[in-house]
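Numbering-wise (our numbering), the sequence shown opens with residue 2 and increments by one.
The next block holds one structure in the form of structure tokens; read it before the comments.
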Amino acid sequence: MKLYRPIVFLVQSVTIGLAVAFLVLVWKPDLLDNGKKVVAFIESTPGARPTPASGPVSYADAVEFAAPAVVNIYTSKTVTTRSPLFDDPLFRHFFGDRFGAVPRSRQETSLGSGVIVSDQGYILTNNHVVAEAEEIEVALRDGRTARGKVVGTDPDTDLAVVKVELGDLPAIVLGDSEQLRVGDVVLAIGNPFGVGQTVTLGIVSATGRSQLGISTFENFIQTDAAINPGNSGGALINAGGELVGINTAIFSRTGGSQGIGFAIPVSLARGVMQQIIEQGRVSRGWLGVEIQEMTAALAESFGLSEQRGIIIAGVLKRGPADRAGLQPGDVILEINGNPMRDVRTALNVITQTKPGQRIRVKGLRNRKTFELEAEVAERPVQNTEQ
2 MKLYRPIVFL
12 VQSVTIGLAV
22 AFLVLVWKPD
32 LLDNGKKVVA
42 FIESTPGARP
52 TPASGPVSYA
62 DAVEFAAPAV
72 VNIYTSKTVT
82 TRSPLFDDPL
92 FRHFFGDRFG
102 AVPRSRQETS
112 LGSGVIVSDQ
122 GYILTNNHVV
132 AEAEEIEVAL
142 RDGRTARGKV
152 VGTDPDTDLA
162 VVKVELGDLP
172 AIVLGDSEQL
182 RVGDVVLAIG
192 NPFGVGQTVT
202 LGIVSATGRS
212 QLGISTFENF
222 IQTDAAINPG
232 NSGGALINAG
242 GELVGINTAI
252 FSRTGGSQGI
262 GFAIPVSLAR
272 GVMQQIIEQG
282 RVSRGWLGVE
292 IQEMTAALAE
302 SFGLSEQRGI
312 IIAGVLKRGP
322 ADRAGLQPGD
332 VILEINGNPM
342 RDVRTALNVI
352 TQTKPGQRIR
362 VKGLRNRKTF
372 ELEAEVAERP
382 VQNTEQ
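Encoded structure:
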């Protein structure tokens, strides 16, 4: 009996110790690491995540579907110049203006690309491809050529519409650029360096690129598909051969492709194109204000708990905003119930409002909220204020 009790006590102690050790190991493993770091990894589990879809062996079907609608655009214009020597005051002092009275003229040619968007002959391209062109020649993939006529241009988005009088035209299918994701496969079709129609492959590197200084309204698709001089105005298509963008610009230090190209999304181009075709120009809303981004420091000074809204930096006298009662220093928090997070959002909301319509503005003035309505006017041509 005397020996039995110590054995029971020993067994109970060991059992309790093992239980405590187990609990520590489960709930506080860091107490037993002996100075060693414990790193947790997420291990792959079969069936836990969907297997990425394999890409096709070839994109030839997508190219064959879209390429017939991509055209080459050749333009020419007369450029008048005279020697810089005639602008030198010393030269003019001795020889007068008679030597520089007859300027020299020469023909300047350029090339680009375009996309047939309607079998009625409408071609979407970049404004800088056809700007100031006196003659436009459009060459189709099937060998046909025709004179092109500019229907209208929109320098603010660098888009233009050209029309040709030809029958049996292949029109491209417009895709949904809003559904593009970073990593999606895209192909650029155009006429780089005038070598003829060329296709390059890449992925979407980024979406919503802005503040690049390329145009007034920017919402670019960035891609690493090779885009070179002559590709401007050409098609950026998805893996199904649908148009998702108009190739517009490249980032380059040498003039050649360096894996950073920009395309105007078809979601933006569609509205511009329709207005140009229907009324010959693009009409946008305008308030007559200069707006500024909100920073963390400015948000704190305005008494905001977070960085939101935009700041009215200036108001055009007797403009729509002035008539509505907006003042410099006002913070615009919402327009038509939509939160204003940055200048681009506000710019898009204002410009996409039809002239004559009214918008509801909610803001902050002297740390007090206010609400008002403003009637949107039509944006003046070549005016950078909104």
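By construction, the Cβ of each residue, glycine as well, lies at the ideal position given by its N, Cα and C atoms.
Source: prediction; values computed, not measured.
Between the C-alpha atoms of SER302 and ASP323, what's the straight-line distance to the nearest angstrom?
If you number the sequence shown from 1, residue 302 lands on position 301. If you number the sequence shown from 1, residue 323 lands on position 322. C-alpha separation (whole angstroms): 24 angstroms.
Cβ contact check for the stretch 57 to 72 and the stretch 241 to 253: 3 or more pairs under 8 angstroms:
yes
Enumerate in chain order the residues of its own chain whose CB-to-CB distance from GLU166 is below 7 angstroms, with the five nearest sequence positions on each side excluded.
Within the sequence shown, residue 166 is the residue found at index 165, counting from 1. For GLU166, where only same-chain residues beyond five positions count, the Cβ hits under 7 angstroms are GLY122 and ALA147.
On the criterion of 16 or more Cβ atoms from any shown chain inside 10 Å, does LEU170 qualify as buried, or is it exposed?
As a position in the sequence shown, residue 170 is number 169, starting the count at 1. Buried: at least 16 other Cβ atoms inside 10 Å.
Are ILE265 and GLY246 touching if we call contact CB-CB under 8 angstroms?
On the sequence shown, position 264 is the one that residue 265 refers to. On the sequence shown, position 245 is the one that residue 246 refers to. Yes, the pair counts as a contact, with Cβ atoms nearer than the cut-off.
Buried or exposed: ASP177, going by 16 or more other Cβ atoms within 10 Å of its Cβ?
Your numbering for residue 177 matches position 176 in the sequence shown. Label assigned to ASP177: exposed.
Using DSSP with H/G/I as helix, E/B as strand and the rest coil, what is GLU133?
Position 132 of the sequence shown, counting from 1, holds the residue named residue 133. Annotated three-state conformation of GLU133 is coil, per DSSP.
Taking the alpha-carbon positions, what's the ALA70 to VAL116 distance?
Residue numbering aside, residue 70 sits at position 69 when the sequence shown is read from its first letter. Residue numbering aside, residue 116 sits at position 115 when the sequence shown is read from its first letter. Distance between the alpha carbons of ALA70 and VAL116 is about 6 angstroms.
Can you tell me the Cα-Cα spacing of GLU219 and GLY56, whole angstroms?
Residue numbering aside, residue 219 sits at position 218 when the sequence shown is read from its first letter. Residue numbering aside, residue 56 sits at position 55 when the sequence shown is read from its first letter. Cα to Cα, GLU219 sits roughly 31 angstroms from GLY56.
Which word fits GLN180, buried or exposed, when buried means at least 16 other C-beta atoms lie within 10 angstroms of its C-beta?
What you label residue 180 is simply residue 179 of the sequence shown in a count that begins at 1. Residue burial is scored here from C-beta neighbours: GLN180 has fewer than 16 other C-beta atoms within 10 angstroms and is therefore classed as exposed.
Tell me where the alpha helix (DSSP H) around GLY272 begins and ends.
Along the sequence shown, read from residue 1 onward, the residue named residue 272 stands at position 271. Start and end: 267 to 280.
Check the C-beta distance from VAL273 over to LEU160 and give it rounded, since I have them as a contact under 8 angstroms.
As a first step, residue 273 is located in the sequence shown; it is residue number 272 there, counting from the start. As a first step, residue 160 is located in the sequence shown; it is residue number 159 there, counting from the start. Indeed, because the Cβ distance is near 5 angstroms, the residues count as touching under 8 angstroms.
Run through the DSSP bridge pairs and tell me what SER59 is partnered with.
For the purposes of this step, residue 59 is identified with residue 58 of the sequence shown, where counting begins at 1. As far as DSSP is concerned, SER59 takes part in no beta bridge.
ARG359 lies in the beta strand (DSSP E); which residues open and close that run?
Along the sequence shown, read from residue 1 onward, the residue named residue 359 stands at position 358. Where ARG359 is concerned, the enclosing beta strand (DSSP E) stretches over 359 to 366.
Proximity of ALA270 and LEU125 at Cβ, strictly below 8 angstroms:
In the sequence shown, residue 270 corresponds to position 269, counting from 1. In the sequence shown, residue 125 corresponds to position 124, counting from 1. Closer than 8 angstroms, so yes.
Selection from THR249, ALA378 and GLU138 that minimises the alpha carbon distance to PRO193
Along the sequence shown, read from residue 1 onward, the residue named residue 193 stands at position 192. Selected option, being the one with the closest Cα: THR249.
Near PRO356, which residues of its chain fall below 7 angstroms by C-beta distance, leaving aside the five closest residues on each side in sequence?
In the sequence shown, residue 356 corresponds to position 355, counting from 1. Closer than 7 angstroms at the Cβ level, and outside the excluded window around PRO356, lie SER284, GLY286, VAL377, ALA378 and GLU379.
On the three-state DSSP scale, how would you describe ASN349?
As a working note, residue 349 is residue 348 in the sequence shown. Under the three-state reduction of DSSP, ASN349 is assigned to helix.
For the beta strand (DSSP E) that contains GLU372, what are its first and last residues?
By one-based count along the sequence shown, residue 372 stands at place 371. GLU372 -> beta strand (DSSP E) spans 369 to 376.
If you scan the stretch 107 to 185 from start to end, which runs of the alpha helix (DSSP H) of 4 or more residues do you find wholly inside it?
128 to 131
Of all the options VAL332, ALA325 and GLY330, which has the alpha carbon lying nearest to the alpha carbon of LEU394?
Outside the shown range of the chain (2 to 387) lies residue 394, about which nothing can therefore be said.
Cutoff 6 angstroms; reference VAL174; Cβ partners in own chain excluding five residues on either side
Position 173 of the sequence shown, counted from the start, is the residue given in the question as residue 174. Answer for VAL174: GLU243, listed in chain order.
Bridge partners - GLY315, DSSP secondary structure assignment
By 1-based counting over the sequence shown, the position of residue 315 is 314. DSSP lists GLU291 as partners of GLY315.
What does ILE251 pair with, by DSSP beta-bridge criteria?
Within the sequence shown, residue 251 is the residue found at index 250, counting from 1. Paired residues: GLY262.
Alpha carbon to alpha carbon, how far is THR1 from GLN276?
The structure shown does not extend to residue 1, since the chain is modelled only from 2 through 387, so no value can be given for it.
When you compare only the Cα positions, how much space is there between GLY149 and SER114?
To locate residue 149, count along the sequence shown from 1; it is residue 148. To locate residue 114, count along the sequence shown from 1; it is residue 113. About 12 angstroms.
8 angstroms CB neighbourhood of ASP225 in its chain, flanking five on each side removed
As a working mapping, residue 225 is identified with position 224 in the sequence shown. Correct list, in chain order: GLY203, ILE204, SER206, GLY260, ILE261 and GLY262.
For SER111, the nearest candidate out of ARG359, VAL130 and ASP120 (CA to CA)
Indexing the sequence shown from 1 puts residue 111 at position 110. Out of ARG359, VAL130 and ASP120, VAL130 has the C-alpha closest to the C-alpha of SER111.
How should ILE292 be labelled, buried or exposed, when 16 other C-beta atoms within 10 angstroms of its C-beta is the threshold for buried?
One-based indexing of the sequence shown puts residue 292 at position 291. Classification for ILE292: buried.
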